[in-house]
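Here's the structure we're looking at; comments come further down.
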Amino acid sequence: MKITINGGAVELPGGATVGEAVRTLTPMTSGVAVAVNGEVVSRSAWESTPLSESDLVEVLTAVQGG
Amino acid sequence: MEAEVGMDDVLALGGEKFASRLIMGTGGAPSLDVLEEALEESGTEITTVAMRRLDPAARGSVLDVLRRKGIKVLPNTAGCFTAGEAVLTARLAREALETNWVKLEVIADERTLLPDPIETFDAAERLVADGFVVLPYIGDDPALARRLEQAGCAAVMPLGAPIGSGLGIRNPHNIELIVESAGVPVILDAGIGTASDAALAMELGCDAVLLASAVTRAQRPGLMAAAMRHAVTAGRAARIAGRIPMRRYAEASSPSRTA
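Residue numbers (our numbering), protein chains in the order written: chain G, 1 to 66; chain R, 1001 to 1259.
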């Protein structure tokens, strides 16, 4: 299935989880947060939350600013 | 001791206590090493970070710097234009950084970066209801400051001048009005250009100062950070000491001449 991670198209196997999507970018689990289609998915739910075709995944972290 | 403000003069904010009244931002630093030195020299205990898409190529993290220094991380919602964006960003920051504190920043346009009062108030209400310690960045508007306090914000953060402008405090009278009626800490945020601006904010009665560019874009950030630390301390002491009234004419400081 095709999903979008941080604005880029990514191909993942059907039924892939939020955790698998995050690992395409980083092995980190702390200091990172995920929203799927505008809703926060808490870290404890990453591995149990499956993604669907066309989902919009945002993976954020803290950077210098403000 | 009369020469010091006193160890009991602490900043009480969001249920915590801080000895430093200088809150630092992290934007604009040329490198993490420069930032680390500036934070050290500033003596800050609270520092803001922004939330952005994770860049797999990024080397080093501002979070590592703050962790090493034992500085409290204050995520902001910089870059948000609507209440909805700001609420989502705050929730992501809470998840990533394990803090329910947020500097709420909802800007109206890219040119001025001035805060949008309507979106800010909307987001503040939603975040307070969601259990956040909300520190909203606002214009120097006493009425909005009061409304945000009533809505449950833990502080109000009026600007001195637009972000990064270094124009200082353009309307000290309004800052005084906000201070006079505030029951929560008032943190002067944005516009500070140099040490005297930070001292003035404290002399006007602000409880703390938040600044970034004035230090991070200075020619010598570490030295300017130290200057800001001294300025905030000096301004606070002057506020507590009580300045003399301004007079139209001279008042002799020597005894009048005899014989």
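We put the CB at the ideal spot given by N, CA and C, even for glycine.
Sequence-distant residues of the same chain with beta carbon closer than 7 Å to residue i, five excluded per side
i: R:L1177; result: P1142
i: R:A1154; result: L1013, G1014, V1133, V1134, L1135 and V1184
i: G:G19; result: W46 and E47
i: R:G1043; result: S1020, L1022 and R1229
i: R:L1127; result: V1087, A1090, V1102, L1104 and V1134
i: R:T1112; result: P1162
Chain G residues whose Cβ lies nearer than 8 Å to that of residue i
i: R:G1027; result: Q64, G65 and G66
i: R:A1212; result: G66
i: R:L1204; result: Within 8 Å Cβ-Cβ: nothing; R:L1204 doesn't reach chain G, min ~23 Å.
i: R:T1044; result: Going along chain G, no residue has its Cβ under 8 Å from R:T1044, so there is no contact; the nearest lies around 13 Å.
i: R:L1022; result: The contacting residues do not exist; R:L1022 stays about 15 Å from chain G at best.
Own chain, CB closer than 6 Å to residue i, minus 5 neighbours either side, in chain order
i: R:L1114; result: A1108
i: R:L1089; result: One detail in the question is off: residue 1089 of chain R reads as Thr in this sequence, not Leu. The residues are M1051, T1077 and C1080.
i: R:L1210; result: I1023, I1187 and D1189
i: R:E1119; result: T1082, A1083 and V1106
i: G:V36; result: D55 and V57
Proximal chain G residues relative to residue i, where beta-carbon distance stays under 9 Å
i: R:N1267; result: It is not possible to answer for residue 1267 of chain R, since the shown part of chain R is limited to 1001 through 1259.
i: R:V1062; result: A62, V63, Q64 and G65
i: R:E1105; result: G66
i: R:L1035; result: Q64
Sub-7 Å separation of residue i and residue j beta-carbons
i: R:P1075; j: R:V1102; result: yes
i: R:A1199; j: R:A1145; result: no
i: R:G1060; j: R:L1039; result: no
i: R:A1218; j: R:G1025; result: no
i: G:T17; j: G:P50; result: yes
i: G:V32; j: G:V41; result: no
i: R:G1191; j: R:L1148; result: no
i: R:P1221; j: G:L25; result: no
i: R:A1086; j: R:E1125; result: no
i: R:A1225; j: R:E1041; result: yes
i: G:V22; j: G:V63; result: no
i: R:G1166; j: R:G1193; result: yes
i: R:D1130; j: R:G1168; result: no
i: R:V1005; j: R:I1240; result: yes
i: R:A1227; j: R:A1250; result: no
i: R:L1054; j: G:T61; result: yes
i: R:N1171; j: R:D1140; result: yes
Per-residue contacts from residue i into chain R (C-beta, under 9 Å)
i: G:A33; result: M1051, R1091, L1092, A1093, R1094, E1095, A1096 and L1097
Residue(s) in a DSSP beta bridge with residue i
i: R:K1103; result: R:N1076 and R:L1135
i: R:M1024; result: R:T1047 and R:L1211
i: G:T61; result: G:V32 and R:R1052
i: G:A9; result: G:T4
i: R:L1177; result: According to DSSP, R:L1177 bridges with nothing at all.
i: G:L56; result: G:T4
i: R:K1069; result: Bridge partners of R:K1069: none, in fact.
i: R:V1156; result: R:V1186
i: G:T49; result: BP columns for G:T49 are empty, so no partner.
i: R:L1013; result: R:E1016
i: R:P1115; result: R:I1107
i: G:E39; result: G:V36
i: G:T17; result: G:P50
Own chain residues within Cβ distance below 8 Å of residue i, not counting five before or after
i: R:L1011; result: K1017, F1018, A1019, S1020, R1021, P1185, D1207 and A1208
i: R:V1062; result: T1026, L1032, L1035 and V1049
i: R:V1216; result: The question names Val, but residue 1216 of chain R in the sequence shown is Thr. Closer than 8 Å at Cβ, skipping near neighbours: G1025, T1026, G1027, G1028, A1029, P1030, V1034, L1035 and A1038.
Beta-carbon neighbours of residue i, restricted to chain G and to distances below 7 Å
i: R:L1039; result: Result: empty, since nearest Cβ-Cβ is about 11 Å, beyond 7 Å.
i: R:T1048; result: G66
i: R:L1280; result: Residue 1280 of chain R falls outside the range modelled here, since chain R spans only 1001 to 1259, and no answer is possible.
i: R:L1135; result: Residues of chain G passing the Cβ test: none, with the nearest at roughly 11 Å.
i: R:L1148; result: Residues of chain G passing the Cβ test: none, with the nearest at roughly 18 Å.
i: R:L1114; result: Correct list: empty, because the minimum Cβ distance to chain G is about 15 Å.
Partners in chain R for residue i, counting only beta-carbon separations shorter than 8 Å
i: G:N6; result: R1053 and L1054
Give the residues from the segment 39 to 63 of chain G that approach chain R closer than 9 Å (Cβ to any Cβ), ordered along the chain.
E39, V40, V41, S42, R43, E58, V59, L60, T61, A62 and V63
Return the residues of the segment 9 to 34 of chain G that lie within a Cβ-Cβ distance of less than 7 Å from chain R, sorted by chain order.
L25, T26, G31, V32 and A33
In chain order, what residues of the segment 1150 to 1184 of chain R put their CB closer than 7 Å to some CB of chain G?
none
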